[in-house]
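Residue numbers are given in our numbering: position 110 of the sequence shown equals residue 120, and the series is strictly consecutive. Written below as structure tokens is the structure these notes are about.
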Amino acid sequence: MTDDINKILDNLSGLTLKEQAIKGQLPQSWHCRDCRRDTAPNCPNRSETEAAWANGFYPQMQFGPECEIYEVYDDIWKQTGLEPYNGCLCIGCLESRIGRELTPDDFPRNHPFNNMKCSERLLKRRKKTKFIG
Ligand SMILES: [Zn+2]
């Protein structure tokens with residue numbers, strides 16, 4: 011299990027944002043749709059990334075204690091009323107949209123985003139997933 015996660019993390023940390031975007035995992039903006047909080051302060055958004063590419067620069071994602079980047083199961087996201095990858099929600103706003111607190115079972119445990127550095131409250135919600143780094 012831990013080996014699997016490490017393998018995923020190794021793969022992810024080697025990915026440039028261009029490769030992330032190709033996989034359909036880069037939103038237009040990292041700002042929460044509802045409260046405008048920046049859920050990924052050190053990650054360029056899609057436009058910034060495209061501008062960087064134009065200059066031959068391929069930035070990598072940086073995860074820190076302000077980050078609220080995560081993946082929840084499709085049925086949870088569907089309850090928010092948003093299309094997949096059509097905007098971000100911080101944990102607080104996602105929870106008010108679905109009317110309850112998230113629990114560890116709402117997060118796919120093996121998804122790389124669910125094993126990255128993140129905010130205290132996100133860490134509490136996904137507590138079964140192992141915090142690495
Ligand atoms: Zn929000």
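Virtual Cβ for every residue (Gly too), placed ideally from N, Cα, C.
| Item | Value |
| --- | --- |
| Strictly by DSSP, which residues pair up with residue 48? | 41 |
| Beta-carbon distances below 5 Å to any heavy atom of ligand 1 define the shell here; list its residues in chain order, please. | 42, 44, 45, 47, 100 and 103 |
| Is residue 128 near residue 47, with beta carbons less than 8 Å apart? | no |
| Quick check on the burial criterion: 16 or more other C-beta atoms within 10 angstroms. Buried or exposed for residue 133? | exposed |
| Please state whether DSSP places residue 103 in a helix, a strand or coil. | helix |
| Which one of 73, 109 and 107 has the shortest CA to CA distance from residue 123? | 73 |
| Using a Cβ-Cβ cut-off of 6 Å (strictly less than) and excluding sequence neighbours within five positions of residue 38, which residues of its own chain qualify? | 56 |
| Tell me the DSSP bridge mates of residue 98? | 42 |
| Taking only three categories from DSSP, how would you classify residue 86? | helix |
| Reducing DSSP to helix, strand and coil, say where residue 79 ends up. | coil |
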